[in-house]
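Working notes for the structure below.
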Amino acid sequence: MRLRSLLLIFSFYLIPALAIAQAPEPSNEADGLIHLLMTLDNKAVSIEYSPDLSSSDPSHQQLLSGVPGSTVRVGVLAGHRALRIGSLATDPEAPPPPPREEGDPAPVPPAHELWLVRNSDGWELEAHRSDNDTITRIPLSHQESSSTDTQTFSAALRATGAEEGRLELRWGQHAWHTEFRFDELPPPPRRPRTTRPSENEFDSDTSAFARRVTLNERNENAIILPDGNQISMLYWKGIDVEDEDYGRLPDTADGTIVSLVRAPPLRIRSDVGLRFGSTDIPTGNLAPAFAGSYAIWLRKTTSGWQFVFNNEPDSWGTQYDAEFDAAEFDVNYKRTTGSFRPLGVSVVPTSENAGSLIVHWGPHEWSAPFTVIR
C-alpha cells in the first residue's frame, strides 16, 4: 500500500514535468511585441506593436477622445518594395536595387514607425521612415461604436484579393482600416555568378529552401506572440470565385465536407495550444515536443457550419479521411460585401492571449474566436 502511494505521488509530479519538457520551442525570439505577417504571391508585409497600448492610459486619452492634433505611436510597418499603402509606395520609375549574387537574400526594405493621428479632417497614420526623415501619410476610414470597447490596441492584416489586402486597427470604441496592394515592379537585376557553387551551398539551409517552395504555391497569414510563439495559416493561391470548387459550394449538403479539387485544405501550424470554446487543439499531434499541425476543413451542418481539424495536414482537397479527425466545433457564419475574394484565411489577434480564426471565400465568411492555452 505504501509503495502504491509513493508511485501515485511520483506520477503526480512526473506527468506535469514531462508535459512541460515536451512543449514545443517557440519559433522566434521573444521580444514582448505582437507581430503580424502576411505573404501574398511571395510578397510580404508585416506589422509589429506592443500588447500594452491601453485605452485607459492617460497619455492616450486625448487621441481616443478625438482631439485634433493628438497622436500616439502604435507600431512599425515593413513590407516588400512593391507595397502600396496610402501614399507610401515605390516610384515605378525609380532605379531598381543594385544587382545581387545568385543565392543572396533580397535586400531588407526600410521600416516605418506608425503614428495614429487625429487631425481636423479625420484620421490617418503617419509612416516615419526609419533611415531618414521622410514622413508619409496613410488616410484611414473610421467607425465608432458604443457597443464595443477594446481595452488594448490591436491590428490585423487580411487579404482581399490575390495581391490586395486590408490593414485593420481597433482601440477603445474605435475601428479604422485602410486598403493596400502590391504593385507590379520590374524585378531587380541579378549579378552573373563568377564562381562555381560549393558542394554544400544548396544544402546549408533546407528550411529556407522549403519555405520558398511552400510560398511559391501558397499564401501565408501569421501572428507571433510576445513570447516568440507563432500561429500561422497556409492556403493555396488562386482559388477564386470563378473556380470550379467555389461553384460547388452552394450545393454542399448537410453533414458534408467541402472538398477542393484544385487545392489542399487550409493548414494551421501553432507553437501553442488553442482553445475554441470548449474544444482544445493541442500541440504535438504529429510528434511530441513539436508544434501542432492540422488540416482545417469546412463542414456544412443542419444548423450552420463547422471547422474540422484533421491530423493529415499534407492531404489534398479530395482526400479527407474522417478517421484522422482531431476535433470539430461550430463556427460563426455571415455574408459580407467582399464578393470577389479568393479563398483565404486570417489569424486576427484581439490580445496577446486571444484572437479569431477567419476563413473567407467570396462573400462567405466563417470565424471562430480562440484563446491561447498557457
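Convert by adding 1063 to the 1-based position in the sequence shown; the result is the number in our numbering. Note that the Cβ used here is the ideal one computed from N, Cα and C, for glycine as well.
Three-state secondary structure assigned by DSSP to residue i
i	result
Leu-1248	coil
Phe-1243	strand
His-1143	coil
Pro-1121	helix
Leu-1126	helix
Ala-1238	strand
Ala-1084	Low per-residue confidence applies at Ala-1084: pLDDT is 47, beneath 50, and the placement is therefore not dependable enough to give any value.
Gln-1382	coil
Asp-1334	coil
Thr-1365	coil
Leu-1188	strand
Ala-1218	strand
Ala-1358	strand
Asp-1115	coil
Gly-1407	strand
Leu-1096	coil
Pro-1161	coil
Glu-1156	coil
Thr-1413	strand
Ser-1419	strand
Gly-1340	coil
Leu-1349	coil
Glu-1231	strand
Thr-1134	strand
Trp-1424	strand
is_contact[residue i, chain D] using C-beta, thresh 7 Å
i	result
Asn-1416	Of the chains in the structure shown, none is chain D; there is only one protein chain.
Beta-bridge partners of residue i, as assigned by DSSP
i	result
Asp-1388	Asn-1373
Asn-1395	Ser-1430
Ser-1204	His-1240
Thr-1102	Ala-1107 and Glu-1283
Glu-1176	Val-1139 and His-1191
Thr-1199	Ala-1190
Asn-1182	Gly-1185
Buried/exposed call for residue i, threshold 16 Cβ in 10 Å
i	result
Gly-1228	buried
Gly-1318	exposed
Pro-1250	exposed
Asp-1334	buried
Arg-1233	buried
Glu-1262	Because the pLDDT of Glu-1262 is 47, which lies under 50, any placement of that residue in the model is unreliable, and the question is left without a value.
Pro-1079	Only weak support exists for where Pro-1079 lies, its pLDDT of 45 falling under 50; the coordinates are left without a value.
Which complete beta strand (DSSP E) runs does the segment 1255 to 1332 hold, if anything under 3 residues is left out? 1281 to 1287 and 1293 to 1299
Quick check: the segment 1216 to 1227 against the segment 1412 to 1420, are at least 3 beta-carbon pairs closer than 8 Å? yes
Counting beta carbon pairs with one atom in the segment 1187 to 1202 and one in the segment 1366 to 1383, are three or more of them shorter than 8 Å? no
With three or more beta-carbon pairs closer than 8 Å as the criterion, would you say the segment 1395 to 1407 touches the segment 1420 to 1435? yes
Would you be able to state if there are at least three C-beta pairs under 8 Å between the segment 1343 to 1350 and the segment 1377 to 1387? no
If contact is defined by three or more beta carbon pairs under 8 Å, each pair taking one atom from either stretch, is the segment 1147 to 1159 in contact with the segment 1235 to 1246? yes
Three or more beta-carbon pairs under 8 Å between the segment 1319 to 1333 and the segment 1358 to 1365, yes or no? yes
Okay, do the segment 1282 to 1297 and the segment 1093 to 1113 touch, 3+ Cβ pairs below 8 Å being the bar? yes
At least 3 beta-carbon pairs within less than 8 Å: the segment 1301 to 1319 vs the segment 1107 to 1121: no
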